Each structure stands twice: as C-alpha cells, then as structure tokens.
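S.K.: Sequential numbering from 511 applies to the sequence shown in the numbering used here. Using N, Cα and C, we set each Cβ at its ideal position, and we do this for glycine too. All figures in this text were calculated on a predicted structure; none of them were measured in a lab. Questions regarding the structure given below will be posed in turn.
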Amino acid sequence: MSPDQDEKNKRLVKWLAIGALSMFGFGFALVPLYNVMCKQLGINGKVELNQRKAQIEAAGIKEDLSRNIWVEFVTTMNEQLPWEFYPLHRRVQMHPGGVIHTAYYAKNTTDQTMTIQAIPSVTPGRAATYIKKLECFCYEHQTLGPGETAEMPLVFILEDKIPDDINTMTLSYTLFDLTQQS
C-alpha cells in the first residue's frame, strides 16, 4: 500500500471512530433529552414525580361521587428486558378525587441481580396534570436479585377538576434496565 493510501485509511478510521463515539453519546443522552423535550413541549403525558401528599391535601381535592372514570394500567419493557412485569389490576373504576391503592408485580427471571427504572406515561396526555401520586415505585430505582419477586405499590388521586369529557385514561409504565449504570 502506498503512503498516501495509508494516510487515507488512518483518516477514515479516525472519522469512523468519532462517528461511533458520537452515536454512543447521543444514545446515552437520548432519554434525558427526550424528557426535556417532552417537558418543554408539554407532550407524552409525563407525570411530575415530585408531587406529594401535602400538595394534594393543600389543594383541597374532594371526591366527586357523581362521576366515574376508568383507569387502565399497561406495562411494557424496554430492550427485551427478561422480567415479568404486570399490574395486579388491569382496570379500575374510580370517582374523581378518590384514592386508588394498587400494585404491580415484578419478577427478575435472570440469574443475576438487576436494577430497573419505571417511566410513567398517561393517555390522553392532558389527563396527566390531574394525577397526584402519593406513592409510586417509579420514584426510585428497583433492584431485584435472581428470581426475586416484588409487589410494587402505586397510590394516587385523580383530581376532581379533571375535564368531564375524560372518562377513560391509561397509565402506562415502561421498564428500563439500569444494571450497567448502577
């Protein structure tokens, strides 16, 4: 090979390496960038995770017995996560302002300890602002040992100010594997 060809090959390898590192960096930053974009644009029904019981009590939410809303619970797992994960109740009917206590079942079916994070989403997106979570497994990383199971709690209130045209909503959780990052 000529020295000129060697120089071209070195330049090509350098640019390919830079491209690969850039793609890795972009992939690593994708979830935080997505969260920022959703927050700025007000899309995807992201629920603010820092809302607590004191805020709900201060808001003076009252149970509206004249209305019923169906809340459906859906789960998905990112990256073919080898876990069992499902809601203990697929669907509940509630009154706006009422408190719902439910849980999700999770099982680590692998032979190694794994850490996951659940990311919530609400459909329709405009319903997300009316959900006030008192307790949620999505607030913290969940670590389960090999074959270990857990019932992960979810307690929330649906504000009584939710628009009348919303009579069914879906609360979805997607699990992401954080084992490498732990």
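If the criterion is Cβ atoms closer than 8 Å, does the pair Tyr615 and Thr659 meet it?
M.R.: Taking 8 Å as the Cβ cut-off, Tyr615 and Thr659 qualify as a contacting pair.
S.K.: Would you give the residue range spanned by the beta strand (DSSP E) that Asp687 belongs to?
M.R.: Element bounds for Asp687: Thr678 to Asp687.
S.K.: Going by CA-CA distance only, name the one from Glu573, Ile626, Asp574 and Lys671 that's closest to Thr586.
M.R.: The residue with the shortest Cα to Cα distance from Thr586 is Ile626.
S.K.: According to DSSP, is Asn560 helix, strand or coil?
M.R.: The predicted model places Asn560 with a pLDDT of 45, which falls under 50 and marks its position as unreliable, so this point remains unresolved.
S.K.: Would you call Lys642 buried or exposed, if buried means 16 or more other Cβ atoms sit within 10 Å of its Cβ?
M.R.: Label assigned to Lys642: buried.
S.K.: Please report the residue range of the beta strand (DSSP E) in which Pro653 lies.
M.R.: Note that residue 653 is Thr in the sequence shown here, rather than Pro. Its beta strand (DSSP E) spans residues Gln652 to Leu654.
S.K.: Pro663 to Lys518, Cα distance in whole Å?
M.R.: For Pro663 and Lys518, the distance between alpha carbons rounds to 59 Å.
S.K.: Could you have a look at Lys671 and say whether DSSP puts it in helix, strand or coil?
M.R.: Lys671 falls in the coil class under three-state DSSP.
S.K.: Just list the residues that DSSP pairs Lys617 with in beta bridges.
M.R.: Bridge partners of Lys617: Glu594 and Thr659.
S.K.: For Glu573, collect the residues of the same chain with a Cβ closer than 8 Å to its Cβ; drop the 5 residues on either side in sequence, then sort them by chain order.
M.R.: Taken in chain order, the residues that qualify are His605, Pro606, Gly607, Gly608 and Asp670.
S.K.: For Asn618, does the count of other Cβ atoms within 10 angstroms reach 16, so buried, or fall short, so exposed?
M.R.: Asn618 should be labelled buried.
S.K.: If I follow the unbroken beta strand (DSSP E) through Gln603, where does it start and stop?
M.R.: Start and end: Arg601 to Met604.
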